[in-house]
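So the sequence lines, in the order shown, correspond to chains A and B.
In terms of my numbering, the first sequence is residues 10 to 471.
In terms of my numbering, the second sequence is residues 86 to 308.
Ideal Cβ positions, reconstructed from N, Cα and C, are used throughout, including at glycine.
Because the structure is a prediction, the values reported are computed rather than measured.
Some notes on the structure that comes next.
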Amino acid sequence: MTLWAENRTRAQNREAGDRLVNRWIVECLLVVLLPAWLTFSGCSTHAKRISQPRNLFYDGQFQACRESLEKLSKSHRHDRDVVNLDLAVVDLLSGQPQQAEIRLRDVRDRFDHLEQDSLAEKTVSMWTDDQVRSYSGEDYEKILLRVFLSLSSLMHDGIDAESYTLQVQEKHEQLGQLFDQWSGSKGSVYQPLPLGFYLRGVLREATHRDYDDAVRNYEVASSLLPQSEPLLWDLARVREGVHSRPGHGVVYVFAMVGRGPYKVEVAERPTSDALLIADRIISAVGPYKLPPTIAPIKIPDIAVPPSDVDAVGIRINGSPIGPTSSLANIEQLAVSTYQANRNAIIARAVARRVIKKATIVAAKDSIGKDGLTGIGMDLAGIAWEASESADTRCWGLLPKEIQVLRVETPAGEHHLQLNALLGGRPVGPAQAKEIRVIDGQNTYVLCWFPDARSVSQVMSSK
Amino acid sequence: MVRREWLSRLSIVALASIAGCRGYQYGHVIKSDAKNLVGSHEAGAEVFDPLVDEAVAKLLARQQIVTEGCPTGPDGAPLRKTICFVGIENKSAEDIGDFKDKLYNQIDSQILESRSFQPISQRMVNAALHETRMRPDALVIPDNMRLFTSVLQRSGAPVDYLLYATLTSGTTTRNSSTQRDYELTLELTNVHTLEYDKLNAEVRKGYHKSAAGKFWNYNPLKR
Numbered sequence: 010m011t012l013w014a015e016n017r018t019r020a021q022n023r024e025a026g027d028r029l030v031n032r033w034i035v036e037c038l039l040v041v042l043l044p045a046w047l048t049f050s051g052c053s054t055h056a057k058r059i060s061q062p063r064n065l066f067y068d069g070q071f072q073a074c075r076e077s078l079e080k081l082s083k084s085h086r087h088d089r090d091v092v093n094l095d096l097a098v099v100d101l102l103s104g105q106p107q108q109a110e111i112r113l114r115d116v117r118d119r120f121d122h123l124e125q126d127s128l129a130e131k132t133v134s135m136w137t138d139d140q141v142r143s144y145s146g147e148d149y150e151k152i153l154l155r156v157f158l159s160l161s162s163l164m165h166d167g168i169d170a171e172s173y174t175l176q177v178q179e180k181h182e183q184l185g186q187l188f189d190q191w192s193g194s195k196g197s198v199y200q201p202l203p204l205g206f207y208l209r210g211v212l213r214e215a216t217h218r219d220y221d222d223a224v225r226n227y228e229v230a231s232s233l234l235p236q237s238e239p240l241l242w243d244l245a246r247v248r249e250g251v252h253s254r255p256g257h258g259v260v261y262v263f264a265m266v267g268r269g270p271y272k273v274e275v276a277e278r279p280t281s282d283a284l285l286i287a288d289r290i291i292s293a294v295g296p297y298k299l300p301p302t303i304a305p306i307k308i309p310d311i312a313v314p315p316s317d318v319d320a321v322g323i324r325i326n327g328s329p330i331g332p333t334s335s336l337a338n339i340e341q342l343a344v345s346t347y348q349a350n351r352n353a354i355i356a357r358a359v360a361r362r363v364i365k366k367a368t369i370v371a372a373k374d375s376i377g378k379d380g381l382t383g384i385g386m387d388l389a390g391i392a393w394e395a396s397e398s399a400d401t402r403c404w405g406l407l408p409k410e411i412q413v414l415r416v417e418t419p420a421g422e423h424h425l426q427l428n429a430l431l432g433g434r435p436v437g438p439a440q441a442k443e444i445r446v447i448d449g450q451n452t453y454v455l456c457w458f459p460d461a462r463s464v465s466q467v468m469s470s471k
Numbered sequence: 086m087v088r089r090e091w092l093s094r095l096s097i098v099a100l101a102s103i104a105g106c107r108g109y110q111y112g113h114v115i116k117s118d119a120k121n122l123v124g125s126h127e128a129g130a131e132v133f134d135p136l137v138d139e140a141v142a143k144l145l146a147r148q149q150i151v152t153e154g155c156p157t158g159p160d161g162a163p164l165r166k167t168i169c170f171v172g173i174e175n176k177s178a179e180d181i182g183d184f185k186d187k188l189y190n191q192i193d194s195q196i197l198e199s200r201s202f203q204p205i206s207q208r209m210v211n212a213a214l215h216e217t218r219m220r221p222d223a224l225v226i227p228d229n230m231r232l233f234t235s236v237l238q239r240s241g242a243p244v245d246y247l248l249y250a251t252l253t254s255g256t257t258t259r260n261s262s263t264q265r266d267y268e269l270t271l272e273l274t275n276v277h278t279l280e281y282d283k284l285n286a287e288v289r290k291g292y293h294k295s296a297a298g299k300f301w302n303y304n305p306l307k308r
């Protein structure tokens with residue numbers, strides 16, 4: 010009996026000692042971590058970090074923009090890939106297509122690697138936020154990445170341009186298969202980006218031999234954009250005609266028009282679909298049920314800047330040729346991709362909140378909820394939830410639309426004039442470029458008109 | 086107690102997550118005698134390699150017979166006829182992507198290795214197409230053919246034959262299984278006499294939504 014009493018006293022002492030140690034650890038953590046949390050988190054998102062470089066870019070201050078992006082790439086590891094994409098656009102438009110190609114290749118390989126799921130990152134994100142997950146790019150970004158690779162290649166030597174257009178098709182096939190698996194019996198159809206098919210058609214037509222490939226690719230592009238008249242002209246030409254008449258060459262103007270969409274953080278009330286998905290996540294890891302009400306949570310949303318440019322008017326040697334026509338509506342793509350993923354994003358945020366709350370309650374229960382410790386733990390819980398931010402990473406320096414104009418012209422030197430248009434009327438000053446057209450070959454011109462006031466960039470292939 | 090369980094479960098999930106890391110990609114060199122991968126959605130090397138081998142072998146065998154009695158060189162062997170391989174046209178249901186140029190090179194190389202023909206360099210063919218601005222399919226018109234061959238002749242490459250390759254396919258579907266018959270046709274036109282010869286090779290392939298599809302549709306008991 011005495012032995013039993015001694016053992017019990019020892020056990021009680023040990024338990025009290027453990028509790029003291031636990032409390033001491035928790036209090037230390039609160040003293041150190043709480044200010045750190047409040048200082049460093051809860052306000053920093055990619056959208057906020059990227060706003061300054063973006064403004065510099067649209068002001069035409071490429072060097073300052075590059076420095077700012079490079080600094081961001083070093084300071085925020087998880088932003089590195091999307092920052093590299095923005096840097097590639099800066100390189101491309103500042104006349105360094107080779108450097109842009111290197112960066113884009115690097116991000117392409119990284120995204121391919123990151124497409125595999127990481128359970129570790131998924132778990133950590135449930136305790137922190139979605140920003141700790143590696144970003145493998147939205148579907149349209151993966152396609153555009155390869156399109157930009159083709160354009161970068163065409164802007165210097167063009168050696169790898171065909172390979173990149175094949176990679177666009179390969180990616181389309183892969184995404185289409187994934188989409189079919191995911192959508193199952195929903196009956197929705199994967200919509201590829203017409204621009205990739207168009208580029209492949211352009212390159213195959215330029216061989217003067219593989220018109221059948223050009224027909225195939227223009228047909229796909231035309232079926233995706235049935236309203237596009239220039240695509241029908243292209244199709245008619247490759248079915249019956251030839252690339253260009255003897256002594257003539259072709260100029261392709263790829264115009265990036267408007268400021269593209271980007272992600273911002275918003276507070277959102279969970280939808281019933283999202284709550285259903287969240288409930289499944291919660292039930293999978295513990296005995297808790299989803300609370301009937303959930304306060305608004307932070308999620309990303311798509312911001313679309315207003316645009317006062319809708320096309321680019323082209324003149325060659327003073328003669329009007331016509332406006333560019335759209336082959337990729339990036340704004341529409343970004344919004345539709347976001348809408349498709351929105352419920353899953355909200356569900357993850359809801360599940361995360363429940364897990365955090367449950368963890369705090371469980372910790373309080375095991376350590377003790379009285380006095381300073383209890384208050385401290387509640388504060389820590391609030392700080393923990395407040396530290397959460399929406400994942401706003403995206404390719405931020407994309408245009409609203411990518412448009413194209415094709416014109417056949419006699420071989421030789423030509424004076425090209427480009428003007429931003431709104432409703433068919435010129436807005437802003439015209440940009441000029443001297444180009445050299447080679448007999449039977451393509452000359453590529455790349456330009457960006459973000460709006461009527463911003464500095465426009467025009468460059469041509471060598 | 087329940088909450089401790091909750092915490093312990095979460096810890097298990099956290100530990101398990103360490104195992105769920107991303108893998109790396111690896112590559113290896115395939116031995117020349119190893120079997121080709123069989124494409125699950127489209128034709129690949131497993132279809133195109135035998136198609137080219139068979140079609141070119143048939144073409145060369147036929148020409149071996151035709152060349153008997155033809156003019157011979159100082160060594161007694163028949164003079165090699167120059168052949169202009171214009172290109173491959175893909176009329177199949179699939180996009181063959183990077184295989185197109187590979188098929189061209191495969192056919193061109195096999196013809197070059199033979200003793201019957203002397204192929205003209207692809208670069209010269211492309212330059213002639215570029216100069217004349219003619220579509221490959223327009224070369225069968227006699228006037229166009231004459232113009233095209235005269236450009237090549239001027240470049241030091243007289244032409245005896247024009248060669249076209251066409252890839253076609255035919256698709257048969259039965260529920261969730263599909264059979265696709267791939268055919269490579271080689272069309273040879275004598276530019277002097279406008280005589281025409283045609284040879285083809287075929288490979289059939291089945292695509293199934295389930296592993297049992299092959300057995301279900303192609304077992305020996307099925308008639």
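Residue range of the alpha helix (DSSP H) that includes residue i
i	result
A/Ile59	55-67
A/Lys151	148-164
Neighbourhood of residue i by C-beta, 6 Å cutoff - its chain only, sequence neighbours within 5 removed
i	result
A/Val416	Val260, Ile330
B/Gln148	Ser201
A/Val464	Gly69
A/Ser316	Gly267, Lys409
B/Asp282	Leu273
Residue i: first and last residue of the uninterrupted beta strand (DSSP E) it sits in
i	result
B/Thr256	246-259
A/Thr514	Residue coverage of chain A in this structure runs from 10 to 471, which leaves residue 514 of chain A outside it and unanswerable.
B/Asp266	262-275
A/Trp404	Premise fails: A/Trp404 is in no beta strand (DSSP E) and is neither H nor E.
B/Leu284	281-293
B/Met230	Counting along the chain, B/Met230 falls outside any beta strand (DSSP E), though it belongs to the alpha helix (DSSP H) covering 227-239.
B/Asn302	Careful: B/Asn302 lies outside any beta strand (DSSP E), inside the alpha helix (DSSP H) at 298-303.
Residue i versus residue j - alpha carbon distance
i	j	result
B/Lys166	B/Asp245	6 Å
A/Ala473	B/Asp266	The structure shown does not extend to residue 473 of chain A, since chain A is modelled only from 10 through 471, so no value can be given for it.
A/Cys403	A/Leu78	14 Å
A/Leu101	A/Val321	19 Å
A/Thr452	B/Ile181	27 Å
A/Met468	A/Tyr67	16 Å
A/Ala2	A/Gln412	Since the first and last residues shown for chain A are 10 and 471, residue 2 of chain A lies out of range.
B/Pro243	A/Asn428	51 Å
A/Val177	B/His277	44 Å
A/Arg209	A/Leu158	13 Å
A/Leu184	A/Ile152	10 Å
A/Ala129	A/Ile355	20 Å
A/Leu388	A/Asp139	22 Å
A/Leu204	A/Asp148	14 Å
B/Ile168	A/Arg246	29 Å
B/Ser295	B/Leu232	54 Å
A/Val211	A/Tyr347	31 Å
B/Thr263	A/Lys471	48 Å
Sequence-distant residues of the same chain with beta carbon closer than 7 Å to residue i, five excluded per side
i	result
B/Asp134	Asn121
A/Asn93	Ser82, Arg112, Asp115, Val116
B/Val171	Val210, Pro221, Leu224, Leu247, Leu248, Tyr249
Cβ separation of residue i and residue j, assumed to be a contact under 8 Å, to the nearest whole Å
i	j	result
B/Ala286	B/Glu179	About 17 Å separates the two Cβ atoms, so there is no contact after all.
B/Val288	B/Val132	5 Å
A/Tyr207	A/Asn226	7 Å
B/Thr251	B/Thr270	5 Å
A/His217	A/Ala420	Actually they do not touch by this definition, with Cβ atoms about 15 Å apart.
A/Met265	A/Trp457	4 Å
A/Ile325	A/His181	So it is not a contact: roughly 34 Å between Cβ atoms.
A/Ile339	A/Glu410	6 Å
A/Thr333	A/Val436	In fact, because the Cβ distance is near 14 Å, the residues do not count as touching under 8 Å.
Cutoff 8 Å; reference residue i; Cβ partners in own chain excluding five residues on either side
i	result
B/Leu306	none
A/Arg58	Leu81, His85, Asp88
Report task. Can you check the segment 124-206 of chain B for any alpha helix (DSSP H) of at least 4 residues that lies completely inside it and give the ranges in chain order? Result -> 130-151, 184-198
Query raised in the report: Where in the segment 325-405 of chain A do unbroken runs of the alpha helix (DSSP H), each at least 4 residues long, occur, reported from the N-terminal end onward?
Result: 339-376, 380-395
Query raised in the report: Taking the runs of the beta strand (DSSP E) that are 3 residues or longer, which of them lie wholly in the segment 192-276 of chain A?
Result: 257-268
Report task. Kindly provide the ranges of any alpha helix (DSSP H) runs that are 4 or more residues long and lie completely inside the segment 89-117 of chain A, ordered along the chain. Result -> 89-102
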